[in-house]
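In the numbering used here, the protein residues as written are 101 to 464.
Using N, Cα and C, we set each Cβ at its ideal position, and we do this for glycine too.
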Amino acid sequence: TKGRLVDVIPKLKKVFPDGTDFLAHARFDDERERFVMCASKMDIPGDQFMGNTTMRFVEFDTNFDVVAEREYSTRFIVFHDWILTQNYYVVPENPAYLKWPDIAKYVIGQTVGTDVFAMEEETNGSFLLIPRHDSNEPVRRVESDTFFNLFHFGASFENDKNEMIINGCVFDRYTFGGEMGFDGPTQTFDPISWGGIGGKAPPPRLDQFTIDLDTFVMKKKQRIPVVPVDMPVFNGDARPLKYTYFLGCSRPEGWFPFRSIVKLDLETFEYENWDAGDGCVTSEPMYIPRQNAIAEDDGFVISIVHDSETLLSKLVIWDSMTFGKGPIAEIRLGGLIPWCVHGSFIPGFYPFAEESGDQWPIYL
């Protein structure tokens, strides 16, 4: 947004009632200058007492005025992320089911929220393709050939062959509870065991899906030969892209916590993996395009690296075009700071520039 927060928040309150739950990810269509949010709610008991999930997509202009929206309900699913292409909102239909006895326990405070549902691993995963521009156009459901639990999307787009390319970080199986090694009831923390061999969460792998937009059938699914990766970032939404940057993991004892940053070519599958080393944890990278960039990957990648041995943290910066040569700068941040996930960078945004006359150094 190019407006001040004090002006934006009242506009949001008019659109979303108090208590609205949002997904952690928002998207930005640079070509149309649209900021897009997704709200989601679980409907209980739902159809045939199996629950439903209702999602609402709202598109704002740069003044945070609503320019488009669409709502859709489906069977109960679990989803954390979604993606924006040129013409669709894309949602992973990660199959799940409600556990009614645990819902009763949750209501009276005897269990945590992740105990009220479980993955339905005997059911194939699928994608919902929800049209952005015509509310009369039907929603399409495209099924995969196996179960998946897709947590995060890499660059996804429609190409000139009338295909949709989806890059997604998927778990082949997943047991909810104790996410990232933290157990709520006991207040214990053991991230290595959670992501270790035989743990509740196997390593996330990167799959590339190709959907025919004439027939709405999945033409191809391919597992990309790269180290376990998650939390991807890339240079914009709703347009074809070649590169994506990830948190990566190559720990011998298991995949979590993350300890590396990966740059991946989505066409050749060549990748470069910068490893922070033993005892270090990397935070979700951020991609910042260079002003007057000459290529898609002409910019900078940044990540905060935490060192568990020295109890210090630093901001690490790469020139994304020469990523494989290592960081170009490191900035000491002092002691450990909270682990950083799920941010956005939108070039050219400085909400107070018109009032103060200042020019903010948006680009590195």
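- In the assembly as shown, K261 is an exposed residue. Its beta-carbon has fewer than 16 other beta-carbons within 10 Å.
- Looking at the backbone, the Cα of F135 and that of A338 are separated by about 12 Å.
- Counting other Cβ atoms within 10 Å of its Cβ, T211 reaches 16 or more and is therefore classed as buried.
- Following the DSSP letters along the chain, one finds I361 inside the beta strand (DSSP E) bounded by residues S360 to D365.
- With fewer than 16 other beta carbons inside 10 angstroms of its own, H233 counts as exposed.
- Rounded to the nearest whole angstrom, the CA to CA distance from L433 to V441 is 17 Å.
- Separation of E222 and F247 (C-alpha to C-alpha, rounded to the nearest whole angstrom) is 7 Å.
- Within the same chain, and ignoring the five residues on either side of S235 in sequence, the residues whose Cβ sits closer than 8 Å to its Cβ are R170.
- For the pair F116 and D161, the Cα-to-Cα distance works out to about 16 Å.
- Going by C-alpha positions, Q287 is about 41 Å away from I265.
- The stretch 141-220 is shown to contain whole beta strand (DSSP E) runs of 3 or more residues at 152-160, 166-175, 188-193, 196-198 and 217-219, in chain order.
- R323 is positioned such that its CB atom lies no closer than 9 Å to that of F271.
- When DSSP states are grouped into helix, strand and coil, T368 belongs to the coil group.
- With fewer than 16 other CB atoms across the displayed protein chains lying within 10 angstroms of its CB, R241 is exposed.
- Taking all protein chains in view, the Cβ of M331 is crowded by 16 or more other Cβ atoms within 10 Å, so the residue is classified as buried.
- The beta carbon of E372 sits closer than 6 Å to the beta carbons of K363, F423 and G424 from its chain, once the five residues preceding and following it are set aside; these are given in chain order.
- The alpha-carbon separation between L436 and V381 amounts to approximately 11 Å.
- A straight line joining the alpha-carbon of D375 with that of S350 spans about 8 Å.
- In this structure, the beta-carbon distance from G354 to I292 falls below 9 Å.
- Judged by DSSP secondary structure, P291 falls within the alpha helix (DSSP H) whose first and last residues are P291 to W294.
- Burial check for E243: the Cβ neighbour count within 10 Å stays below 16, so the residue is exposed.
- Exposed is the label assigned to W200, since fewer than 16 other Cβ atoms lie within 10 Å of its Cβ.
- By the neighbour-count criterion, in which a residue is buried when 16 or more other Cβ atoms sit within 10 angstroms of its Cβ, I208 is exposed.
- In this structure, P192 places its C-beta atom within 9 Å of the C-beta atom of F227.
- Contact between I230 and Y189 holds: CB atoms are separated by about 4 Å, below the 8 Å threshold.
- DSSP lists V401 as the bridge partner or partners of W418.
- For G435, the enclosing beta strand (DSSP E) stretches over residues A429 to G435.
- Looking at the backbone, the Cα of A255 and that of R156 are separated by about 22 Å.
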